[in-house]
Amino acid sequence: MRDDYEAACAAELDAALDRVPFYKEWRSFDPGRDAPVDRRYAALPVVTKRDLRAHMPKGFVPCDRDFKGAVETGELELVSTSGTTEDRSSIVRHQPWWDASEHAAARLHTGLDRVINGMQREAVLTTPLCAGNVCHIGDLTAAERTLGRLLFLNQKPDPNQWTSDDMDRMISELNAFDTELLEADPAYLAVLARHAADRAVPIRRPHFVSLTYEFPSRMHYRQIRRVFGDTPVLSSYGSTETGHVFTQCENGKFHQNTAYCRADVQPFRLAYGEAHTGRLLVTLLRNPWVSLLRFDVGDLVRLADAPCPCGRTAGLTLESIEGRTRDLTFAADGRAVTVGRLDAALDGIDGLLAYQLEQHDRELYVLRFVSEPGSQATVAAQAQPRLQSLYGPEADIVTRPEAALAAEQSGKFRLARTLFAWDAAALFTPGGSTP
Ligand SMILES: [Zn+2]
28 MRDDYEAACA
38 AELDAALDRV
48 PFYKEWRSFD
58 PGRDAPVDRR
68 YAALPVVTKR
78 DLRAHMPKGF
88 VPCDRDFKGA
98 VETGELELVS
108 TSGTTEDRSS
118 IVRHQPWWDA
128 SEHAAARLHT
138 GLDRVINGMQ
148 REAVLTTPLC
158 AGNVCHIGDL
168 TAAERTLGRL
178 LFLNQKPDPN
188 QWTSDDMDRM
198 ISELNAFDTE
208 LLEADPAYLA
218 VLARHAADRA
228 VPIRRPHFVS
238 LTYEFPSRMH
248 YRQIRRVFGD
258 TPVLSSYGST
268 ETGHVFTQCE
278 NGKFHQNTAY
288 CRADVQPFRL
298 AYGEAHTGRL
308 LVTLLRNPWV
318 SLLRFDVGDL
328 VRLADAPCPC
338 GRTAGLTLES
348 IEGRTRDLTF
358 AADGRAVTVG
368 RLDAALDGID
378 GLLAYQLEQH
388 DRELYVLRFV
398 SEPGSQATVA
408 AQAQPRLQSL
418 YGPEADIVTR
428 PEAALAAEQS
438 GKFRLARTLF
448 AWDAAALFTP
458 GGSTP
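Following our numbering, the numbering of the sequence shown begins with 28 at its first residue and continues without gaps.
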């Protein structure tokens, strides 16, 4: 198994250096084809989102492939990534590879592959802006939002705009669709679940709930579990650029989809962050049309420190996905604080419904939050000491209740942000760990 993985990683690297225009400049970094494959990868730079915007598609398609012809015949399509206009790029989608990546990833959670079989009836609840090339804003009938076995529930770019009628409609469509898999942005599903719980609207439970698109807060899980009971709720990690990279197994750990990607982690430098935590670099495997090596997805992960009891040992096992690199905040002594750590610190505060931590400068932190009616004071009182202990005794913590916290232009929510500039690349050690 390990041999197959290493062989696939070496083949991908050789092919990229030989035949893919973007990597021509990378040849001088390669210590040579006789060197161990992990060492060869660790010697390479990373591909950034800026590189994708500048060189996709042609720079990343092997030069002996007829890209134009494949687009004309429909074998390939160009899809746009989510994000703001300046973040967005056009990605080459080879659907058979994407489907194979999804099916393989589904085997990493027991029973999920029986549901994700290419024919599953699937309801999607996310921003209407980020489901591939499909856009469903405005009043459309359920039939107009149904694409074969897929139903897109949402029609508004921010769940703060949902009315009670909107939410009743989505629940009734979900129930009528005979949904096997509900794929949802956790922030969106949490709002819908809260509505169902508060109004006692019954939801017909699907076989699985898969959370994707953005970091699932413990607060989201709690609200979702209230309504979905013993339905398995798992987190599925991937992106438009990379396909399906990690799946959360029945024990809560994340396992790597080793047949379709290589994963490397560049840990934090010791002065800046915790051991075993770092930024994720993804390499696509077995994709005949796109060569992505060490792509910095922009997310942080924490490696598990022991094997998972489920027995899956291939590739990396993660304790958690820790949120986006750009959403890091910093303790008063300069240590980086991931969204995952922040979220853990605020876990279990009664009445807390949504939050965003804004770090204004090196010592001023403002927690903007939305709470259940009447619980503003108790939420603030619980949050204050937790944040003090997370950011340090010198930290100046301010709590600020809000009526609502808006989604970003991309439709995603940010749980944390800094209002000053810092250099992300300097936080991480070069190279990258491998299993
Ligand atoms: Zn496991």
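Just so you know, even glycine gets a beta-carbon here, dropped at the ideal spot from N, CA and C.
Same chain, Cβ closer than 7 Å to residue i, five either side skipped, listed in chain order
i, result
"Ala224", "Arg253 and Val254"
"Gly419", "Ala358, Ala359 and Asp360"
"Pro462", "At Pro462 the pLDDT is 49, less than 50, meaning the model places this residue with poor confidence and gives no usable figure here."
"Gly378", "Ser398, Glu399, Ser402, Thr405 and Val406"
"Trp146", "Looking at the sequence provided, one finds Met at residue 146 rather than Trp. Cβ neighbours of Met146 beyond the five flanking positions: Arg176."
"Val142", "Glu207, Leu208, His234 and Phe235"
"Gln409", "Ile376"
"Gln506", "Here the chain comprises residues numbered 28 to 462, so residue 506 is not present and cannot be evaluated."
"Leu71", "Trp53, Phe56, Leu320 and Arg321"
"Ala69", "Gly458 and Gly459"
Endpoints, beta strand (DSSP E) assigned at residue i
i, result
"Gly270", "Gly270 to Gln275"
"Asp423", "Asp423 to Pro428"
"Leu178", "Leu177 to Phe179"
"Leu152", "Glu149 to Leu152"
"Leu238", "Phe235 to Leu238"
"Thr445", "Ala443 to Thr445"
Limits of the alpha helix (DSSP H) - the one that residue i falls within
i, result
"Val397", "Not the alpha helix (DSSP H): Val397 falls in the beta strand (DSSP E), residues Leu391 to Ser398."
"Cys36", "Arg29 to Arg46"
"Pro123", "Gln122 to Ala133"
"Leu216", "Pro213 to Arg226"
"Val25", "The structure shown does not extend to residue 25, since the chain is modelled only from 28 through 462, so no value can be given for it."
"Val64", "Val64 to Ala69"
"Tyr418", "Gln403 to Tyr418"
"Glu200", "Ser191 to Ala203"
"Leu139", "Leu139 to Val142"
8 Å CB neighbourhood of residue i in its chain, flanking five on each side removed
i, result
"Asp140", "His130, Ala133 and Arg134"
"Thr456", "Gln293, Pro294, Phe295, Arg296 and Gly305"
"Lys95", "none"
"Ser347", "Phe281, Val328, Arg329 and Gly367"
"Leu103", "Phe94, Ala97, Val119, Arg120, His121 and Trp316"
"Asp257", "none"
"Val74", "Phe49, Leu319, Leu320, Arg321, Phe322 and Asp323"
"Leu442", "Phe242, Ser244, Gly350, Asp354, Val366, Leu369, Asp370, Tyr382, Gln383 and Leu384"
"Met415", "Reading off the sequence shown, one finds Gln at residue 415, where the question assumed Met. These residues qualify, in order along the chain: Ala422 and Ile424."
Cut-off 6 Å between Cβ atoms - residues of its own chain near residue i, not counting five sequence neighbours on either side
i, result
"Ala372", "Arg413 and Leu417"
"Gly325", "Arg351 and Thr352"
"Asp195", "none"
"Leu177", "Glu149"
"Leu355", "Ala363"
"Leu105", "Ser117"
"Phe440", "Ala214 and Ala434"
"Asp374", "Arg245"
"Val228", "Ile198"
"Gln386", "Thr356, Tyr392 and Thr445"
"Ala34", "none"
"Phe10", "Beyond the ends of the chain as shown, which are 28 and 462, falls residue 10; an answer cannot be given."
"Arg80", "Ser116"
"Tyr32", "Thr285"
"Pro336", "Asn278"
"Pro26", "Because the chain in this structure spans residues 28 to 462, residue 26 falls outside the shown range and cannot be described."
Contact test: residue i Cβ vs ligand 3 heavy atom, cutoff 7 Å
i, result
"Ala131", "This structure simply doesn't include ligand 3; it includes ligand 1 instead."
(request) For ligand 1, list every residue whose C-beta falls under 6 Å from any of its heavy atoms, going in chain order. (result) Those residues having their beta-carbon less than 6 Å away from any non-hydrogen atom of ligand 1 are, in chain order, Cys276, Asn278, Lys280, His282, Cys335, Cys337 and Arg339.
(message) Runs of 4 residues minimum, wholly inside the segment 88-120: which ones carry the alpha helix (DSSP H) assignment?
(response) Taking only runs of at least 4 residues, the alpha helix (DSSP H) segments lying wholly in the segment 88-120 are 94-100.
(message) Please give me, in chain order, every unbroken run of the beta strand (DSSP E) with length at least 3 that falls completely inside the segment 247-323.
(response) Fully enclosed beta strand (DSSP E) runs of 3 or longer: 260-266, 270-275, 281-283, 288-294 and 304-311.
(message) Between the segment 119-132 and the segment 277-295, can you find at least three pairs of beta-carbon atoms closer than 8 Å?
(response) Counting C-beta pairs with one atom in each stretch, the segment 277-295 and the segment 119-132 have three or more that are closer than 8 Å, which means they touch.
(request) Tell me, please, whether the segment 206-214 touches the segment 136-150 by the rule of three or more beta-carbon pairs shorter than 8 Å. (result) Counting C-beta pairs with one atom in each stretch, the segment 206-214 and the segment 136-150 have three or more that are closer than 8 Å, which means they touch.
(message) Three Cβ pairs or more, each shorter than 8 Å: is that satisfied between the segment 32-51 and the segment 79-94?
(response) Three or more beta-carbon pairs drawn from the segment 32-51 and the segment 79-94 are found closer than 8 Å, and the two stretches are therefore classed as touching.
(request) Count the C-beta pairs between the segment 306-325 and the segment 260-270 that are closer than 8 Å, then say yes if the count reaches three, no if not. (result) The segment 306-325, when compared against the segment 260-270, does touch it at the 8 Å Cβ threshold.
(message) Just to confirm the assignment: which complete alpha helix (DSSP H) runs, minimum length 4, are found wholly within the segment 324-403?
(response) Fully enclosed alpha helix (DSSP H) runs of 4 or longer: 366-372.
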